[in-house]
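Q:
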Amino acid sequence: MGELQRKSWKMQVPIIVVFEGWHASGMSDIINRFILPMDPRGFRFHTATSPTDEEKLRPLLWRFWTKVPARGQVAIFDRSWYRRAIIEHIEKNNGKGLGRCLQGIRSFERQLADDGYLIIKFFLHISKEKQQQRFKELEKNNGDLFIVGEDEVDYANEYETYLYTVEKILENTDSFRAPWTIVEANNRNFATVKIMTAFINAMEDKLKEVDYKSVTETTVDLFPKEDLPGMPSLKTSILARTDMEKTIDKKEYKKKKKDYQERLRHLQYELLKRQIPVIIIYEGWDASGKGGNIRRLAHRLNPRLYSVIPIGAPNDYEISRHYLWRFLKEIPPAGRIAIFDRSWYGRVMVERVEQICTENEWKRAYREINEFEAMLTDWNAVVVKFWLQIDQDTQFERFQKRSEIPHKQWKITQEDWRNRENWDAYREAVDEMLEKTSTTYAPWTIVEANDKKYARIKALKTVTEAIEEKLKN
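In terms of UniProt numbering, the sequence shown is numbered consecutively and its last residue is 473.
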């Protein structure tokens, strides 16, 4: 196992090992035996106890997304996201919640597996009689009393109920990307050998795949046109149909700006009171006015209750994980507002156009992004997405002004001019992005931004009305 661990580090294969099972199945002892042959510098051990106050203010999977290992590392989970599925179905008696939870789990595991993660899941199974016997033994041993609580005894009393739920969860989350291994744990020595054998086999198969198999996946269109009724064909540009002549006069601008900013200030406290998070995404052409738009949006907000997250190129630490990881960790707590100045959509724009990621990766990202935003809205978040649209002439004029005005020269770089040369490629990428990621739960708003004042009012209005609609419902 140690040799395989070192090889996985050399080949930069990230590994996730999940342990689930019955209470009193001997999990802690078995996990300890499992990790002994491994180099402790190469793995992180996580226990999924009750969520902290900070974790309770985030989506369910947030606490696990933030713990996914870097490439070459191993993450070992002593209970995991599956614990929540059991809570939803039995302790909350929420069958609908279980369905949504399992759907989110399947997406989570598929996204990681598609990104090269090896996911190995073990369920430690013991009989009802064995569980009751072990509870009695633990109660007799004063040194182990701290791990036996009344709630754990209750599990033994409702073994059949939990057995049905566990079977349902295992059946619905067993896949070739993240298969379950059922471990008969009445005998701990047998269980340890079975786990180590399964781990070694999975590791060897994965390393052979990475070592010998060239990654030439078949490109699949995850969004065939017939599955998108009412969506425009990419043969016609969404952006080309935008009316770029929209303007607003100065007097009306001042009046509406003051009105919307005041409404937003009051709404911010209502969001805090009702623990509703808001996530606002700004994307757009270079020099489309994103920074000024964000400043007007945040002008009257309480700085304690919002944050602006500027997104640039990922660093080495971020590159070593799934591309969504660096955005998950920036998700605001419930009741707060997060404003993203650029976002995860870079995957299907700049990374696509500049060929920073593979074609399969950016094509896969449409589905991953939709699932990510569905997770946010299922968590009760308001998600508002802006594309600030300007024409090429307006961009050129703004570039020229930035070059000529000393205190604005920092805003313009050679990369901006180079990106401008790729206008058509970016427009094609943006059109496809708008088509494939504008959903009922997280729709895109195209902001006509040739007139900066008009763009600011449209953004203020859109955010204000989206929050008011959420609070009303």
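Just so you know, even glycine gets a beta-carbon here, dropped at the ideal spot from N, CA and C. No experiment lies behind these values; they were computed from the predicted model shown.
1. Do the CB positions of A178 and K251 come within less than 8 Å of each other?
2. Compare the C-beta of S307 against all C-beta atoms of chain B and say whether one is closer than 8 Å.
3. So if DSSP puts F123 in a beta bridge, which residue, or which two residues, is it bridged to?
4. In the structure shown, what three-state DSSP assignment does R44 receive?
5. Assuming the contact rule is C-beta atoms closer than 8 Å, T242 and E448 should be a hit. Round their C-beta distance to whole Å, please.
6. Could you say which of S28, T66 and V308 lies nearest to H322 if we only look at CA atoms?
7. Excluding five sequence neighbours on each side, which residues of the same chain lie with their C-beta closer than 7 Å to the C-beta of K453?
8. In angstroms, rounded to a whole number, what distance separates the CA positions of E421 and R398?
9. Can you list, in chain order, the residues of its chain whose CB lies under 8 Å from that of A70, leaving out five sequence neighbours each side?
10. Using the Cα positions of M375 and T413, report the straight-line distance between them to the nearest angstrom.
11. Please state whether the Cβ-Cβ distance between I16 and V68 is less than 8 Å.
12. So, does the segment 277-294 touch the segment 377-385, judging by three or more C-beta pairs under 8 Å?
13. Just tell me which of M433, K385, F19 and D431 has its CA closest to the CA of I195.
14. Quick one: what's got a C-beta closer than 8 Å to A298's C-beta in the same chain, skipping five residues either side?
15. Expressed to the nearest angstrom, what Euclidean distance is found between the alpha-carbon atoms of T445 and A185?
16. When the Cβ atoms of the segment 46-62 are set against those of the segment 73-84, are three or more pairs found closer than 8 Å?
17. In the segment 369-452, which residue ranges form an unbroken alpha helix (DSSP H) of at least 4 residues, counting only runs that do not cross its ends?
18. Does DSSP classify I276 as helix, strand or coil?
19. Could you compute how far the alpha carbon of E167 sits from the alpha carbon of F327?
20. Along the alpha helix (DSSP H) that carries Y345, what are the first and last residues, could you check?
21. In chain order, what residues of the same chain have a beta carbon less than 6 Å from the beta carbon of Q261, not counting five sequence neighbours either side?
22. Drop a sphere of 10 angstroms on the beta-carbon of D39, count the other beta-carbons inside from all chains shown, and report buried for 16 or more, exposed for fewer.
23. Please identify the residue among I311, G21, R336 and K290 whose C-alpha is closest to the C-alpha of L272.
24. I need the straight-line Cα distance from Y204 to Y269, nearest angstrom please.
25. Do you know whose CA, among R274, Q132, Y162 and K458, lies nearest K470's CA?
26. Under 8 Å between the Cβ atoms of Q389 and G284?
27. The alpha helix (DSSP H) that contains V74, what's its start and end?
28. Could you pull the start and end residues of the beta strand (DSSP E) that V308 belongs to?
29. How many Å lie between V215 and N293 at the Cα?
30. Under a three-way DSSP split, which group does I238 fall into?
31. Tell me where the alpha helix (DSSP H) around S25 begins and ends.
32. Using a Cβ-Cβ cutoff of less than 7 Å, which residues in the same chain neighbour G42 once the five nearest sequence positions on both sides are dropped?
33. Among E428, Q111, N141 and P51, whose alpha-carbon lies nearest the alpha-carbon of R84?
34. Does L163 come out as helix, strand or coil in the three-state DSSP assignment?
35. Residues in the same chain with beta-carbon distance under 6 Å from L57, minus the five sequence neighbours each way, listed in chain order, please.
A: Here's the rundown:
1. No, the Cβ-Cβ distance between A178 and K251 is not below 8 Å.
2. Within the model displayed, chain B is absent; a lone protein chain is all it includes.
3. DSSP, once it has assigned bridges, lists E20 and I182 as partnering F123.
4. In this structure, R44 counts as strand in the three-state DSSP scheme.
5. With a Cβ gap of about 6 Å, T242 and E448 count as contacting.
6. Nearest Cα to H322 within the set S28, T66 and V308: T66.
7. Residues I248 and Y253 of the same chain have their beta carbon placed closer than 7 Å to that of K453, with the five preceding and five following residues left out of the count.
8. Taking the Cα positions, E421 is about 15 Å away from R398.
9. For A70, where only same-chain residues beyond five positions count, the Cβ hits under 8 Å are P14, Y317, S320 and R321.
10. Between the alpha carbons of M375 and T413 lies a distance of about 36 Å.
11. For I16 and V68, yes; Cβs fall inside 8 Å.
12. Two segments are said to touch when three or more pairs of C-beta atoms, one from each, lie closer than 8 Å; by this definition the segment 277-294 touches the segment 377-385.
13. That would be F19, whose Cα lies nearest to the Cα of I195.
14. If the five residues before and after A298 are omitted, its C-beta is found closer than 8 Å to the C-beta atoms of Y306, V308 and I339, all from its own chain and listed in chain order.
15. Taken atom to atom, the span from the alpha-carbon of T445 to that of A185 is near 54 Å.
16. Output reads yes: the segment 73-84 touches the segment 46-62.
17. As far as the segment 369-452 is concerned, its whole alpha helix (DSSP H) runs of at least 4 residues are 392-404, 414-421 and 423-437.
18. Coil, per DSSP.
19. The alpha-carbon atoms of E167 and F327 are separated by roughly 34 Å.
20. Unbroken run through Y345: none, as it is neither H nor E.
21. Answer for Q261: H299 and R300, listed in chain order.
22. D39 comes out exposed.
23. The residue with the shortest Cα to Cα distance from L272 is R336.
24. Looking at the sequence provided, one finds Glu at residue 204 rather than Tyr. Spanning the alpha carbons of E204 and Y269 requires a straight line of approximately 54 Å.
25. Of R274, Q132, Y162 and K458, the residue nearest in Cα terms is R274.
26. Contact: yes.
27. Not the alpha helix (DSSP H): V74 falls in the beta strand (DSSP E), residues V74 to D78.
28. Looking at the DSSP string, the run of the beta strand (DSSP E) that includes V308 is Y306 to P310.
29. Because the pLDDT at V215 is just 47, under 50, the model does not fix this residue reliably, and the point stays unresolved.
30. The answer is coil: DSSP assigns I238 none of H, G, I, E or B.
31. Counting along the chain, S25 falls outside any alpha helix (DSSP H), and DSSP gives it neither H nor E.
32. Q5, W9, Q73 and V74.
33. Comparing C-alpha distances from R84 to each of E428, Q111, N141 and P51 shows the shortest one belongs to P51.
34. Note: L163 maps to helix in three-state DSSP.
35. Closer than 6 Å at the Cβ level, and outside the excluded window around L57, lie P333 and A334.
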